[in-house]
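Residue numbers (the UniProt record's numbering): 1 to 205. Glycine included, C-beta positions come from ideal geometry on N, C-alpha and C. Contents: one structure, followed by commentary.
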Amino acid sequence: MKADFHAPFPIVLSFIIMQGSPLLEHLIENLRCLPGVGPKSAQRMAYHLLQRNRSGGMNLARALTEAMSKIGHCSHCRDFTEEEVCNICNNPRRQNSGLLCVVEMPADIQAIEQTGQFSGRYFVLMGHLSPLDGIGPREIGLDLLQKRLVEESFHEVILATNPTVEGDATANYIAEICRQHNIKVSRIAHGIPVGGNLRPLMAPH
């Protein structure tokens with residue numbers, strides 16, 4: 001009978017992996033928490049840092065530790081910041097603009113800021129309405145948004161939610177809140193190009 005030399009291979013490979021460095025396996029597993037990073041990508045990253053860029057790996061570790069321990073949310077707009085109130089909310093010129101832009105995520109603020117066309121303040125929802133997922137008005141901070149509309153002097157709210165079913169539903173819900181406070185509402189329709197002009201993208205809602 002012809003010997004089968006292929007059957008034991010998975011067992012041997014599994015044994016070799018199990019005998020590897022526990023710290024390396026732990027590093028690879030934790031790198032997989034990043035979006036779009038699978039087992040192979042995580043392994044390549046780990047080997048690159050250990051073989052070719054240990055100083056970069058140490059810098060990354062320090063930056064992650066510091067960021068995770070010190071960065072929180074602005075008490076006004078909910079953007080990421082190390083301070084109680086972020087620089088944008090603390091800017092007197094922006095405080096007097098009367099403009100509030102509502103976005104889904106902190107990254108959306110950066111996209112708008114890169115246009116150089118907006119001089120108001122922001123409110124970050126940290127998501128959008130999704131009843132099927134148990135995400136209602138309170139989960140995205142609409143109670144806090146309404147409190148700001150009551151306590152601060154905004155004459156226009158710009159809705160920059162994503163052009164999706166959930167984004168549209170969220171925008172409609174917020175627009176109704178704004179109308180109850182007699183605040184003008186505009187909507188950014190199709191995203192914000194870097195370096196683009198904000199106004200042509202805005203339409204009455």
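From the DSSP output, in three-state form, read off residue i for me.
{"i": "Gly127", "result": "coil"}
{"i": "Leu100", "result": "strand"}
{"i": "Leu159", "result": "strand"}
{"i": "Thr115", "result": "helix"}
{"i": "Glu165", "result": "A small correction: the amino acid at residue 165 is Val; Glu does not occupy that position in the sequence shown. Correct three-state label for Val165: helix."}
{"i": "Ser21", "result": "coil"}
{"i": "His26", "result": "helix"}
{"i": "His181", "result": "coil"}
{"i": "Gly72", "result": "strand"}
{"i": "Ile109", "result": "helix"}
{"i": "Arg138", "result": "coil"}
{"i": "residue 236", "result": "Examination of residue 236 is not possible in this model, given that the chain is present from 1 through 205 alone."}
How long is the line joining the alpha carbons of residue i and residue j, rounded to whole angstroms?
{"i": "Asn96", "j": "Arg179", "result": "21 Å"}
{"i": "Ala169", "j": "Leu129", "result": "7 Å"}
{"i": "Ala160", "j": "Ile174", "result": "11 Å"}
{"i": "Gly136", "j": "His48", "result": "43 Å"}
{"i": "Arg52", "j": "Glu25", "result": "18 Å"}
{"i": "Lys40", "j": "Leu34", "result": "13 Å"}
{"i": "Val150", "j": "Ile140", "result": "18 Å"}
{"i": "Gly20", "j": "Thr81", "result": "40 Å"}
{"i": "Ile188", "j": "Asn182", "result": "20 Å"}
{"i": "Leu142", "j": "Thr164", "result": "19 Å"}
Is the beta carbon of residue i less than 8 Å from the beta carbon of residue j?
{"i": "Ala46", "j": "Ile71", "result": "no"}
{"i": "Glu156", "j": "Ser186", "result": "yes"}
{"i": "Ile158", "j": "Arg121", "result": "no"}
{"i": "Phe123", "j": "Cys77", "result": "yes"}
{"i": "Phe154", "j": "Leu64", "result": "no"}
{"i": "Leu31", "j": "Ala42", "result": "yes"}
Cβ pair count under 8 Å reaching 3, the region 108-121 against the region 132-145: no
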